[in-house]
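Letter 29 of the sequence shown, counting from 1, is numbered 33 in the numbering used here, and no numbers are missing.
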Amino acid sequence: MRVTKKLLEDKVETLNRKLGGFASKKLELDHAACYGGYCLKDYDGSHHVTPRMSGKEMLSYLNGAIDWV
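See the structure below:
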């Protein structure tokens, strides 16, 4: 399976919907190839929620987070 930015963004939106009122801030996906890939940051963009990881690692992380919530 090919991991695309669109696929990861859809997973982040699913996670945000499932979190609903439990999260004070929504999460968004940040990508910078020069810094090592993808990370999740808060909606303000001031804090990174996860360290940078590859697309496949981020997909596994998001699948686990969605299943956990």
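Even for Gly, the Cβ is constructed at its ideal location relative to N, Cα and C.
Remember, it's a predicted structure, so these values are computed and weren't measured experimentally.
Considering only the beta carbon of each residue, do residue i and residue j sit closer than 9 Å?
{"i": "L44", "j": "V7", "result": "no"}
{"i": "H35", "j": "K9", "result": "yes"}
{"i": "Y65", "j": "T54", "result": "yes"}
Identify the residues that DSSP records as bridge partners of residue i: which are they?
{"i": "D48", "result": "Answer by DSSP bridge pairing: none, since D48 is not bridged."}
{"i": "M5", "result": "None, per the DSSP bridge assignment."}
What did DSSP end up calling residue i once you bin it into helix, strand or coil?
{"i": "M62", "result": "helix"}
{"i": "G24", "result": "helix"}
I'd like the list of long-range same chain contacts for residue i, defined as Cβ closer than 7 Å, with 5 residues on each side in sequence excluded.
{"i": "Y39", "result": "R56"}
{"i": "L33", "result": "L12, E13, V16, Y42, L44"}
{"i": "G59", "result": "V7, L12, G41, Y42"}
Give me the Cα-Cα distance between residue i and residue j, rounded to the nearest whole angstrom.
{"i": "K30", "j": "A69", "result": "14 Å"}
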